[in-house]
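Please read the structure below before turning to the comments.
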DNA sequence: CGTCTAATTAGATATACTTCTAATTTCAAG
DNA sequence: CTTGAAATTAGAAGTATATCTAATTAGACG
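Chains as they are written, first to last, in the working numbering: chain F, -2 to 188; chain S, -2 to 188.
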């Protein structure tokens, strides 16, 4: 497990190979084409492709003497999903350790917010906790959002503004939805 | 974007650092402890931790002269999610190339399934195609699910079971909903 | 203020990896 | 069978990075 993961990281931990993957994500390329685009000699490109092939990330199709290389997106996705799963497995252990302590200070026995933390770091923890109420893909009216938030704290307007500022919720035409975690921020940005 | 991704891969593309991350996923460690566990000298461990800290993957807490290092699981998750998103962005381009060919073999002009593919790989392609009918966040009764599926193939029960088995649909108390793509599988698992 | 401990920094050495040129293989076409 | 194009393999040279020892910093404590 650790070994495949290590090899996966190693395979992508070089600029040339990462660029090759980026190019192959768009269409098939021959060794010559890649060498020209990356400003490398053909043997060098062959070498990098061999490493990517060893990880199952690249497949080859021969046509005469030229060999067309393609990205195996299924393999790439499967491996990167494994990375995410490994990190998610780690999260509850470490996060619950630190964040649970912070949350315990601000959430009472009824699962309501005692106060909105003033410190940036702690406020981010609380906002992430609030986000557990909102499902990905679901659309919410402002009234619904307020309803949910009021079940945690009277000042739903501030919380709602903070959630949008932290890029956890997005709004358009009075409709709100949850943004992917990757876009969440620990500080508010923008207007 | 490519640069952060490259640095992320570089940071984890070494056995010592990957093992450090694995250890920190469980609890805090001091430099000495890590050096002992990894059979390395302390300066070496310091060096690796500096690289992980530069990526925001590790945080430090001082207690007297010892410094406790912890994994920032939020940062790790955010980065690995970005990896997955980048691969998913590549998928439709390449996948449409390959998957469209497979789909063409099983879907007729009326957009109906000629048969349920026997091969695992092809069945996964067809199931992903079926999932286009279901919206994230929407709740469906079993009757609704069956109705949608019957518009594609008479054997809606098998398809429904496959979709659940592949973690594309989830069910609870007779209500179905679409799971995030991150959880989809190419094979059925579990009961 | 000295002393002890934990950690980091500096600098040297060793190892791993990238890239190149040159030689070899593979395949198609006369 | 020979020739030419595309790619790979072999091996050398160069670059990057891991690891070490020795020296230095930072904090705790008498």
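We put the CB at the ideal spot given by N, CA and C, even for glycine.
*Local Cβ density within 10 Å of residue 118 of chain S, reported as buried at 16 or more and exposed below that*: exposed
*With 9 Å as the limit, tell me which residues of the segment 18 to 37 of chain S have their beta carbon closer than that to any beta carbon of chain F; keep them in chain order.*
Answer in chain order: 18, 19, 21, 22, 23, 24 and 25.
*Identify every residue that forms a DSSP beta bridge with residue 110 of chain F.*
F:104
*Could you give the residue range of the beta strand (DSSP E) that holds residue 68 of chain F?*
63 to 68
_One question on the structure: do residue 22 of chain F and residue 14 of chain F come within less than 8 Å of each other, judged by their Cβ atoms?_
no
*Can a CB atom of chain F be found closer than 8 Å to the CB of residue 7 of chain S?*
yes
*For the 8 Å Cβ check, are there 3 or more pairs between the segment 99 to 112 of chain F and the segment 61 to 70 of chain F?*
Counting Cβ pairs under 8 Å, fewer than three are found: no touch.
*asked:* Buried or exposed, going by whether 16 or more other CB atoms sit within 10 Å of the CB of residue 181 of chain S?
replied: buried
_CB contact below 8 Å: residue 77 of chain S versus chain F_ = Chain F contact via Cβ: present.
*asked:* As a quick exercise: from F:100, F:24 and F:172, pick the residue whose alpha carbon is nearest that of residue 58 of chain F.
replied: F:24
*Pick helix, strand or coil for residue 152 of chain S, following the three-state DSSP scheme.*
DSSP places residue 152 of chain S in coil when its eight states are reduced to three.
*Starting from residue 185 of chain F and walking both ways along the alpha helix (DSSP H), at which residues does that stretch end?*
Counted as a single uninterrupted DSSP element, the stretch harbouring residue 185 of chain F is not any alpha helix (DSSP H), since DSSP gives it neither H nor E.
*asked:* Alpha carbons only, please: which of F:61, F:172 and F:112 is nearest the one belonging to residue 147 of chain F?
replied: Residue F:112 holds the alpha-carbon nearest to the alpha-carbon of residue 147 of chain F among F:61, F:172 and F:112.
*When DSSP labels each residue in this structure, what does residue 175 of chain F get in the three-state scheme?*
strand
*If you drop the 5 nearest sequence neighbours on each side, which residues of the same chain put their C-beta closer than 6 Å to that of residue 130 of chain S?*
145
*Answer with yes or no whether the minimum CB distance from residue 139 of chain F to chain S is below 8 Å.*
no
*Any heavy atom of the ligand FMN within a distance shorter than 7 Å of the CB on residue 96 of chain S?*
For the structure depicted, the ligand FMN is absent and the ligand set is empty, with no information on it obtainable.
_Pop quiz: residue 172 of chain F and residue 120 of chain F are said to be a contact at Cβ under 8 Å. What is the actual Cβ separation, rounded to whole angstroms?_
With 8 Å as the limit, residue 172 of chain F and residue 120 of chain F do not qualify as a contact, their Cβ atoms being about 25 Å apart.
*Between the C-alpha atoms of residue 50 of chain F and residue 154 of chain S, what's the straight-line distance to the nearest angstrom?*
Going by the C-alpha atoms only, they are around 39 Å apart.
*When the Cα of residue 115 of chain F is compared with those of F:161, F:124 and F:84, which residue comes out closest?*
F:124
*Examine chain S for any beta-carbon lying closer than 8 Å to the beta-carbon of residue 108 of chain F, and answer yes or no.*
no
_residue 136 of chain F - partner residues in DSSP beta bridges_ = F:174
*In angstroms, rounded to a whole number, what distance separates the CA positions of residue 35 of chain S and residue 4 of chain F?*
19 Å
*Of the residues S:83, S:53 and S:85, which one's Cα is nearest the Cα of residue 71 of chain S?*
Nearest of S:83, S:53 and S:85 to residue 71 of chain S, Cα basis: S:53.
*Just the chain F side, please: which residues come within less than 7 Å of residue 159 of chain S by C-beta, in chain order?*
Under the 7 Å cutoff, chain F gives no residues; its nearest Cβ is about 18 Å from residue 159 of chain S.
*If we cut at 8 Å on Cβ distances, does residue 188 of chain F have a partner in chain S?*
Residue placement at residue 188 of chain F is poorly supported in this model, since its pLDDT is 45, which falls under 50; the coordinates are not used for a value here.
_Distance, residue 156 of chain F Cα to residue 42 of chain S Cα_ = 41 Å
_residue 184 of chain F classed as buried or exposed, judged by whether at least 16 other C-beta atoms fall within 10 angstroms_ = exposed
*Could you have a look at residue 30 of chain F and say whether DSSP puts it in helix, strand or coil?*
Annotated three-state conformation of residue 30 of chain F is helix, per DSSP.
_Members of the segment 58 to 77 of chain F near chain S, C-beta cut-off 9 Å_ = 67, 68, 69, 70, 71, 73, 74, 75, 76 and 77
_residue 25 of chain F: first and last residue of the uninterrupted alpha helix (DSSP H) it sits in_ = Note, residue 25 of chain F: premise wrong, no alpha helix (DSSP H); not H, not E.
*asked:* From the DSSP secondary-structure annotation, give me the bridge partner or partners of residue 59 of chain S.
replied: S:64
*Short CB-CB distance (under 8 Å) between residue 2 of chain S and chain F*: yes
*Based on the DSSP secondary-structure assignment, which residues constitute the bridge partners of residue 98 of chain S?*
None; residue 98 of chain S has no bridge partner.
*Can you tell me the Cα-Cα spacing of residue 38 of chain F and residue 46 of chain S, whole angstroms?*
36 Å
_For residue 163 of chain S, count the other beta carbons within 10 Å of its own beta carbon; 16 or more makes it buried, fewer makes it exposed. Which is it?_
buried
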